[in-house]
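>
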Amino acid sequence: MLLLNPGPVTLSQRVRRSLLQPDLCHRESEFFDLQDEARQRIGGVYGLHSDEWASVLLTGSGTAAVESMIAGLVPAGGKLLIVQNGVYGERIAQIAAQYQIPHIIVKHAWMDAPDIGRIEAALHSDKGITHVAVIHHETTTGRLNDLLAIDSLCQAHGVRLLVDAVSSFGAEAIDFSGSIDAVAATANKCLHGVPGIAFVIARRTALASATSRTYYLDVLRHAKLQDQRNTPFTPAVHALYALVEALREHSDEGGWTARHHRYGALAGQVRRGLTALGVRELLPQSMSSVVLRAYALPIGLEYVHLHHALKARGFVIYAGQGDLSKTLFRISTMGALETGDADRLIAAFESTLLK
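FYI, in full-length UniProt numbering the residues of the sequence shown are 1 to 355.
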């Protein structure tokens with residue numbers, strides 16, 4: 001069964017075998033060696049230096065990392081502007097409300113790109129804004145939001161940027177040289193690890209003014225203890241084994257640029273095959289992530305029927321969210337997938353659509 005959903009992913013045999021390593025106490029030096037390697041390799045994905053950036057490991061899903069980032073790195077007295085054009089932008093707004101963090105939302109329809117003019121107008125009119133939060137790859141639609149343009153706005157207005165890169169880290173370009181203070185991501189998407197480990201990469205100057213609004217997800221507490229080869233709680237040890245092996249594999253295969261190329265080639269192969277069958281991709285390639293693409297459901301075909309037919313042939317695809325569940329489906333090309341898998345997928349679609 002091949003997973004074409006946006007995480008968790010189909011594992012390589014190399015990563016799967018890493019789960020069979022010995023049981024390990026999280027208070028032993030061998031565990032801290034593993035933790036140190038994970039942190040070093042996470043920062044190394046984008047060439048970040050540990051003197052300036054801290055890779056902070058958390059046990060939880062990608063949302064745990066996003067919550068930790070928002071709750072911890074918008075300081076007391078700060079105010080957040082949230083760029084919202086999908087489910088995950090809405091989730092950040094819910095997190096901000098839960099922690100009673102002052103915030104405003106620049107809201108867009110789910111199929112729309114962020115309006116840079118509206119974001120700039122909001123920054124210009126509200127001088128209390130200290131931080132902007134944005135989803136890099138909004139997997140609601142497969143849209144890759146224009147992170148560079150939003151970063152440029154933040155630099156021009158002297159505010160800091162917090163990025164949900166849960167579905168882009170390790171396969172899409174991220175420029176850390178501008179206004180980014182932190183990025184939240186996870187092990188089980190573009191890095192090809194297993195669920196259970198997430199992380200925040202935070203600028204150390206931002207950590208210096210972090211706020212402890214939460215207990216378990218306190219990014220500053222985790223950062224301080226991990227710097228001391230310690231951990232505040234029991235982590236997901238075997239998930240960390242898998243993450244370290246996945247990061248080694250990621251590096252061996254050529255890093256994020258190679259993964260970007262690999263995903264792009266597979267996504268293009270799928271797009272061409274589905275287009276030939278009359279299935280329409282919803283966003284132009286220039287606006288889409290290589291990680292996931294959204295397609296229009298063929299007229300008269302319900303998603304449930306499509307999903308079950310493809311699952312019977314060995315593929316798990318993903319529904320649209322909210323009202324989009326009636327009009328689109330999504331296919332991700334993350335994970336241990338090859339061109340032959342894409343060929344078989346197109347054949348499975350053909351068998352389903354032409355019955």
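We put the CB at the ideal spot given by N, CA and C, even for glycine.
Between residue 55 and residue 150, how many whole angstroms is the CB-CB distance? I'm expecting something under 8 Å.
About 23 Å; that fails the 8 Å criterion.
> Name the residue from 99, 153, 79 and 198 whose alpha carbon lies nearest to the alpha carbon of residue 165.
Nearest of 99, 153, 79 and 198 to residue 165, Cα basis: 198.
> As an exercise, report each continuous alpha helix (DSSP H) stretch of at least 4 residues that is fully enclosed by the segment 60 to 84, in chain order.
Segments of the alpha helix (DSSP H) lying fully in the segment 60 to 84: 62 to 73.
> Taking 7 Å as the cut-off, decide whether the C-beta atoms of residue 321 and residue 87 are in contact.
Closer than 7 Å, so yes.
> Assuming residue 106 and residue 144 make a contact with CB atoms under 8 Å, what is their CB distance in whole Å?
In fact, because the Cβ distance is near 18 Å, the residues do not count as touching under 8 Å.
> In the structure shown, what three-state DSSP assignment does residue 318 receive?
Reduced to three states, the DSSP call for residue 318 is strand.
> Look up residue 330 in the DSSP assignment and say whether it is helix, strand or coil.
DSSP places residue 330 in strand when its eight states are reduced to three.
> Counting only the same chain and skipping the five closest in sequence on each side, list residues whose C-beta sits under 6 Å from that of residue 333.
So the list reads 263, 266 and 267, once near-sequence residues are dropped.
> Who are the Cβ neighbours of residue 350 in its own chain at under 7 Å, not counting the five residues just before and after it?
Answer for residue 350: 277, listed in chain order.
> Over what stretch of residues does the alpha helix (DSSP H) that includes residue 252 continue unbroken?
From DSSP, the alpha helix (DSSP H) with residue 252 extends over 237 to 252.
> At what residues does the alpha helix (DSSP H) containing residue 303 begin and finish?
Per DSSP, residue 303 belongs to the alpha helix (DSSP H) from 303 to 312.
> Taking 6 Å as the limit between beta carbons, can you name the residues of its chain near residue 168, skipping five residues before and five after?
Within the same chain, residue 168 has close Cβ partners 136 and 137.
> Can you list the alpha helix (DSSP H) stretches of 4 or more residues lying completely in the segment 81 to 120, in chain order?
You should have 87 to 98.
> Going by alpha carbons, who is nearest to residue 21 out of 287, 271 and 240?
Selected option, being the one with the closest Cα: 240.
> Suppose the cutoff is 8 Å on Cβ atoms and the five residues either side in sequence are ignored; what does the same chain contact list for residue 119 look like?
These residues qualify, in order along the chain: 81, 83, 106, 132, 150 and 153.
> Just checking, does the segment 38 to 53 make contact with the segment 238 to 252 on the three C-beta pairs under 8 Å criterion?
Touching, yes, given that three or more Cβ pairs across the two stretches are closer than 8 Å.
> Strictly by DSSP, which residues pair up with residue 197?
Residue 197 pairs with 59.
> May I have the straight-line CA-CA distance separating residue 101 from residue 227, to the nearest angstrom?
Approximately 28 Å between the Cα atoms of the pair.
> Can you tell me where the beta strand (DSSP E) holding residue 131 begins and where it ends?
131 to 135 is the span of the beta strand (DSSP E), which, as asked, contains residue 131.
> Tell me which residue opens and which closes the beta strand (DSSP E) that residue 186 is part of.
Note, residue 186: beta strand (DSSP E), 180 to 186.
> State the start and end residues of the unbroken alpha helix (DSSP H) segment that holds residue 336.
It is not in any alpha helix (DSSP H) - residue 336 carries neither H nor E in the DSSP assignment.
> Using DSSP bridges, identify the partner residues of residue 143.
Beta-bridge pairing links residue 143 to 138 and 288.
> Check each candidate in 148, 9 and 231 and name the one with the smallest Cα separation from residue 59.
Comparing Cα positions, the closest option is 231.
> Could you name the residues of the same chain whose beta carbon sits closer than 7 Å to that of residue 30, not counting the 5 residues immediately before and after it, in chain order?
Closer than 7 Å at Cβ, skipping near neighbours: 24.
> Going along the chain, which residues of its own chain have a beta-carbon closer than 6 Å to the beta-carbon of residue 147, five neighbours each way excluded?
For residue 147, where only same-chain residues beyond five positions count, the Cβ hits under 6 Å are 136.
> Buried or exposed: residue 289, going by 16 or more other Cβ atoms within 10 Å of its Cβ?
Buried.
> Which stretch, first to last residue, makes up the beta strand (DSSP E) that contains residue 163?
Looking at the DSSP string, the run of the beta strand (DSSP E) that includes residue 163 is 160 to 164.
> Would you say residue 6 and residue 211 are within 7 Å of each other, going by their C-beta atoms?
No, these two residues do not count as a Cβ contact at 7 Å.
> With DSSP as the reference, label residue 282 as helix, strand or coil.
DSSP places residue 282 in coil when its eight states are reduced to three.
> Do residue 182 and residue 69 count as a contact pair if the criterion is CB distance below 7 Å?
Yes, the Cβ-Cβ distance between residue 69 and residue 182 is below 7 Å.
> In the DSSP assignment, what are the bridge partners of residue 3?
According to DSSP, which records beta bridges pairwise, residue 3 is partnered with 316.
> If I follow the unbroken alpha helix (DSSP H) through residue 18, where does it start and stop?
Per DSSP, residue 18 belongs to the alpha helix (DSSP H) from 13 to 18.
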